[in-house]
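A.B. asks: 237 is the number that the working numbering gives to position 154 of the sequence shown; each next residue is one higher, with no gaps.
Don't be surprised by glycine CBs; every beta carbon is placed ideally from N, CA and C.
Since this is a predicted model, take the numbers as computed values, not measurements.
Questions regarding the structure given below will be posed in turn.
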Amino acid sequence: MVPEGKKYPGTYLESTGRLLIGYPDPLGIGWLEGAAVFESGKAAIHYDSSNFNIRYNDPETSKVVGKWAASTMPAGPVGRFQHMNTNMIGISKYSRNKEPAWLYLQWLNNKENTVKLLQGGYSVVRASAWKHPDFKPSLVGESWAEVMCMVHQKGRDYCRPLVLSVGAVRAEIGRIIEAAIEGEPLQPIADKVVEKIRKITEKDGSDKLPMDPERAYMPTVIWR
Numbered sequence: 084m085v086p087e088g089k090k091y092p093g094t095y096l097e098s099t100g101r102l103l104i105g106y107p108d109p110l111g112i113g114w115l116e117g118a119a120v121f122e123s124g125k126a127a128i129h130y131d132s133s134n135f136n137i138r139y140n141d142p143e144t145s146k147v148v149g150k151w152a153a154s155t156m157p158a159g160p161v162g163r164f165q166h167m168n169t170n171m172i173g174i175s176k177y178s179r180n181k182e183p184a185w186l187y188l189q190w191l192n193n194k195e196n197t198v199k200l201l202q203g204g205y206s207v208v209r210a211s212a213w214k215h216p217d218f219k220p221s222l223v224g225e226s227w228a229e230v231m232c233m234v235h236q237k238g239r240d241y242c243r244p245l246v247l248s249v250g251a252v253r254a255e256i257g258r259i260i261e262a263a264i265e266g267e268p269l270q271p272i273a274d275k276v277v278e279k280i281r282k283i284t285e286k287d288g289s290d291k292l293p294m295d296p297e298r299a300y301m302p303t304v305i306w307r
C-alpha cells in the first residue's frame, strides 16, 4: 500500500457515511447479507458486486425492482478508478483434463453464449454482446448496463492486488475500513496494517510478482 493509500478508506467513508447506508450495523453483516438488506428496501446505498442486479430485479424476492440505479464509485484524492468485475473461470495447473477444460472455456465464451449470459444479467467482456440486437438493457437495468460498458472500456483489467495470501491481506485491509467506519484514528492503524502486509507479501513471495504499472489504469485487451 502506497502512503497515499492509507487515506483512501477514510476519505471514501467520510463522503458516503457507510458502505451500506441506512443500515445500523454494516460491520455485522457480510457481502451477500448486505445485498439482501438492500433488496429488502432497508438500505439506501449498497457497494455492489457486478451481478447483484439479478437479485435486485427479481420480482419474487426483491422490493426494489424498478426503484434502483447503478453508478460508478466516486472519485478519490488522485482520480476516479474502476475495476472490471466479471465471472471468471480458470484452469488449475493440477487439472488432469486441461485440454477438455480449455475447450469448455472456449465454448462458454463464444459469441452466442456470451449474449445468453448477458441476457441473464451477467456482466461479460465481449463488446459485441452489449451491441447485439437480442440484448435489451431494460431487462437487466439500463443504468447497470451503462456503467458496466463504461467500466469495460476504462476500468482496470484486474480487480484485486496481485498477492498470493489473499485472505490474510484482505483481512488486514478490512481492519482499516472497520476503523474508518467506527471513527477511529486511521494513521496508527494504517501504519500497522502496511507493515503486516509487507511481511505477508515478503513471506509468500508476492512482493516479487511482476506488474505492469500501466495495467493499473487502463485495460490492455478488449474482446470483440
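Return helix, strand or coil for R163, following the three-state DSSP convention.
C.D. replies: The answer is coil: DSSP assigns R163 none of H, G, I, E or B.
A.B. asks: Ignore the nearest five residues each way along the sequence and tell me which others in S178's own chain have a CB closer than 8 Å to its CB.
C.D. replies: Taken in chain order, the residues that qualify are A184.
A.B. asks: Taking the DSSP output, what are the residues bridged to R239?
C.D. replies: DSSP lists H166 as partners of R239.
A.B. asks: Going by the CB atoms, is the gap between W227 and N136 shorter than 7 Å?
C.D. replies: For N136 and W227, yes; Cβs fall inside 7 Å.
A.B. asks: Determine the burial state of N180: buried for a count of at least 16 other Cβ atoms within 10 Å of its Cβ, exposed for fewer.
C.D. replies: Exposed: under 16 other Cβ atoms inside 10 Å.
A.B. asks: Hey, is P160 close to the ligand GTP, as in C-beta under 6 Å from one of its heavy atoms?
C.D. replies: Ligands displayed in this structure: none; no statement on the ligand GTP is therefore possible.
A.B. asks: Mind checking D108: buried by the 16 CB within 10 Å criterion, or exposed?
C.D. replies: Classification of D108: exposed, given that the 10 Å Cβ count is below 16.
A.B. asks: Between V208, G204, F164, E182, which has its C-alpha nearest N193's C-alpha?
C.D. replies: For the residues V208, G204, F164, E182, the minimum Cα distance to N193 belongs to V208.
A.B. asks: In chain order, what residues of the same chain lie with their CB nearer than 7 Å to the CB of V198, ignoring the 5 residues before and after it?
C.D. replies: Answer for V198: A212, H215, D217, F218, listed in chain order.
A.B. asks: So K275 is in the alpha helix (DSSP H); what residue range does that whole segment cover?
C.D. replies: Unbroken alpha helix (DSSP H) run through K275: 269-287.
A.B. asks: Quick check on the burial criterion: 16 or more other C-beta atoms within 10 angstroms. Buried or exposed for A254?
C.D. replies: By the neighbour-count rule (16 or more Cβ atoms within 10 Å), A254 is not buried but exposed.
A.B. asks: Once the 5 residues before and after I174 are set aside, which same chain residues still bring their CB inside 8 Å of it?
C.D. replies: Once the five neighbours on either side are set aside, the close Cβ partners of I174 are K181, A184, W185, L188.
A.B. asks: On a Cα-Cα basis, can you pick out the residue from G124, K237, K291 that is closest to T144?
C.D. replies: The shortest C-alpha separation from T144 is found at G124.
A.B. asks: Under a three-way DSSP split, which group does Y176 fall into?
C.D. replies: The question names Tyr, but residue 176 is Lys in the sequence shown. Residue state, collapsed to three classes: coil.
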